[in-house]
Amino acid sequence: MAKVCDITGKRPRVGNNVSHANNKTKRKFYPNLHKKNFYIPEEDAWITLKVCTKALRTINKKGVSAVLKDAQEKGMIIIK
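The numbers in the sequence shown follow the UniProt record's numbering, run straight up by one, and end at 80.
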């Protein structure tokens, strides 16, 4: 299961754990993803998306249909 947001395309970033003694070891920073069901009234259907919290805020602001349209134009999601 890829840890990638369906709307924004956010994916894990690589960084370092830094100890008190300034030792550095590799680690990953994962996006805050949630599986959510959204209702699309135009299609009278429910869809499941894996979205980060930034995408949830955008969906709350613009609406799910507008966000899906923007994501499709950017090539982040393919709608049949």
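C-beta: ideal position from N, C-alpha, C; glycine also.
Keep in mind that this is a model prediction, so the values were computed, not measured.
- Per DSSP, the beta bridge partners of residue 34 are 51.
- Excluding sequence positions up to five before and after residue 3, its CB lies within less than 8 Å of the CB of 11, 12, 30, 31 and 33, all in the same chain and listed in chain order.
- Following the DSSP letters along the chain, one finds residue 28 inside the beta strand (DSSP E) bounded by residues 24-29.
- Annotation for residue 50: 5, 6, 33 and 35 place their beta carbon closer than 7 Å to its own, counting only its chain and skipping 5 residues before and after.
- Pairing residue 54 with residue 9, the inter-Cα distance amounts to about 11 Å.
- Counting C-beta atoms within 10 angstroms of its own C-beta, residue 18 has fewer than 16 neighbours from the protein chains shown and is therefore classed as exposed.
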